[in-house]
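Structure, as structure tokens:
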Amino acid sequence: MNAAINTVDPAEVAKFEAMAAEWWDPAGKFKPLHMMNPCRLDYITAQIADRYGRDLGGPLPFKGLRILDIGCGGGLLSEPMARLGADVIGADAAAGNIPVAQVHAKQSELEIDYRHTTAEALAEAGEAFDVVLNMEVVEHVADPLAYLVACRQLLTPGGIMLCSTINRNPKSYLMTIVGAEYVMRWLPVGTHEWDKFITPDELFDLMRNAGLDPMDRNGFVFNPLSWGWSLSDRDLSVNYVTTSRRPG
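Here's what the structure looks like:
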């Protein structure tokens, strides 16, 4: 499949352009991501450390690794990866996100290469990464399979992709659309489209068809009593995350 295919959905990009200035406001429109971020990072760092034999307790454990954060937004994942020593490129199809991310990285004294570009364009340019972070993006693209093919092309042989998204079932509709958008007002109405959600089995099938080997999947579970998130290897009913590998 040709990596030059453009899987960007302009309507989806416009949604996030409109919210760009609020990326680093923990009480703003990206409050759900700020709340989930520690849990996301626990999974991401553990998977990368396991794959590349790194000690997370040591200094700069990801030094020497090249990581792509595709759909980087304001840099909520790019910055922690840079702090761990990785060479990070943050890419986003929404142009308004890039200056927000660049300013915050500068304020944080971090060197991160932020680019207004797409996975397909990076693959076409021959870029290669040890790790691709593909978090909460696949449910927003026009062609998930073509997008995942581009992500696979961006990995070095043996490289891993961390991909999270939202399951498609009545519970996910109630939680992410009715609850998060209409009741709690954590997100603007229309941020998500339920028919674009992807079940774990569907995502694994897409990955295999894209030339990736699925390796692991876990759920991100929200506890309304503790008001926090945790990982679960059993409950993938709403938010979930996967690890896959490019063969080689």
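Here the sequence shown stands for residues 1 to 248, numbered as in the working numbering.
Virtual Cβ for every residue (Gly too), placed ideally from N, Cα, C.
Since the model is a prediction, treat every value here as computed from it, not as a measurement.
According to DSSP, Y240 shares a beta bridge with T165, G219. The alpha-carbon of P200 is positioned some 24 Å away from that of F129. The continuous beta strand (DSSP E) containing L68 extends over residues 66 to 70. Spatial neighbours of V221 in its own chain (CB-CB distance under 6 Å, excluding positions within 5 residues in sequence) are listed in chain order as S230, S232, D235.
Secondary structure note for H116: it is in no alpha helix (DSSP H), and the uninterrupted beta strand (DSSP E) holding it is 113 to 116. With a cutoff of 9 Å on beta-carbon distance, E202 and I166 are scored as not near each other. Taking one beta carbon from each stretch, the region 131 to 147 and the region 160 to 177 have 3 or more pairs nearer than 8 Å; the two touch. A150 has its alpha-carbon roughly 32 Å from the corresponding atom of G28. Residue ranges of uninterrupted alpha helix (DSSP H) with 4 or more members, entirely inside the region 26 to 65 and ordered along the chain, are 31 to 52. G74 is the residue among G74, V238, A46 whose C-alpha sits nearest the C-alpha of D92. Note: W229 is bridge-paired with F222 in the DSSP secondary-structure output.
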